[in-house]
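Everything below concerns the one structure shown next.
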Amino acid sequence: MNPEDVREEWAERTGEFSPTYYAHKGPNEASESIRDLLLHFLDPAARVLEIGCSSGRHLAHLHDGGFDDLHGIEINEDAIDVLRAEYPGLDADATFHVGDAGEILPGFDDGAFDAVYTVETLQHIHPDEAETVFDEVARVADDLLITVENESARGAGAREDADVSYVNDEFPLYHRDWKAIFERRGFAQLLSESSMRRDRLRAFRRP
């Protein structure tokens with residue numbers, strides 16, 4: 001798949017891994033961990049951005065925890081419609097940007113957000129666009145950066161050290177060294193822990 005194919009697949013996704021699918025699942029382990037980290041290092045007045053917010057379950061968990069300056073980027077327009085139906089309180093208080101993160105992030109000032117986080121989003125960025133997008137993610141994060149991404153092909157039908165595997169033999173999932181990626185961009189890693197699934201949560205902060 002080329003970068004445009006990847007974007008189109010996620011922008012039009014239905015069924016499994018669709019916005020409705022995730023909205024019905026509700027908050028999960030990642031939601032809890034992200035909220036705990038934000039409360040530990042920042043406070044509910046922090047300006048927070050989720051890149052790839054889908055139908056908003058992680059942002060809704062933050063909203064329920066008292067965070068009120070919340071922002072989301074989502075490529076799938078239908079996801080925001082689902083969010084508005086499932087989480088009307090979040091919709092009323094938060095700001096959402098529909099489109100490709102690589103095109104939206106350059107519109108923000110340096111350090112525009114106290115915290116930026118992603119859950120299984122950066123792993124889908126095509127290699128042709130990855131370095132530019134990662135530069136932008138780091139640029140807009142003023143303090144705290146959290147990634148929850150799948151870093152290993154284990155269990156995905158590919159070699160464990162493979163650089164890419166495929167979701168249902170369809171969507172490419174790129175396995176990357178997030179510690180190295182964001183340390184090169186001026187962050188220090190504070191935390192790295194695996195989840196009950198294949199994801200690994202990493203928290204970074206500017207020294």
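Note that full-length UniProt numbering numbers the sequence shown so that position 188 is 188, with each residue one more than the last. Where a beta carbon is used, it is the ideal one built from N, C-alpha and C, also for glycine.
| Check | Outcome |
| --- | --- |
| Any non-hydrogen atom of the ligand MN closer than 8 Å to residue 54 Cβ | Looking for the ligand MN in the displayed structure turns up nothing, as the structure carries no ligands at all. |
| Residue(s) in a DSSP beta bridge with residue 115 | 48, 144 |
| Residue range of the unbroken alpha helix (DSSP H) whose run includes residue 88 | 88-93 |
| Burial state of residue 132, where buried means 16 or more other Cβ atoms lie within 10 Å | exposed |
| Contact belief for residue 119 with residue 58 at Cβ below 8 Å, rounded distance in angstroms | 6 Å |
| Cut-off 7 Å between Cβ atoms - residues of its own chain near residue 223, not counting five sequence neighbours on either side | An answer regarding residue 223 cannot be provided, because it is not within the stretch 1 to 207 covered by the chain. |
| Where residue 39 sits in the DSSP three-state scheme | helix |
| Buried versus exposed call for residue 121 [16 or more other C-beta atoms within 10 Å across all chains shown] | buried |
| Own chain, CB closer than 8 Å to residue 63, minus 5 neighbours either side, in chain order | 70, 87, 89, 90, 93, 94 |
| Other residues of its chain near residue 188: CB distance less than 8 Å, five sequence neighbours each side excluded | 204, 205, 206, 207 |
| Segment limits, alpha helix (DSSP H) that includes residue 103 | 101-104 |
| Straight-line gap, residue 48 to residue 124 (C-alpha atoms, nearest Å) | 21 Å |
| Proximity winner among 74, 31, 51, 80, relative to residue 65 (alpha-carbon distances) | 31 |
| C-alpha gap between residue 192 and residue 61, whole angstroms | 21 Å |
| Residue 181, DSSP secondary structure in three states | helix |
| Rounded separation between residue 76 and residue 186 - CA only | 31 Å |
| Reduced DSSP secondary structure (H/G/I, E/B, other) of residue 207 | coil |
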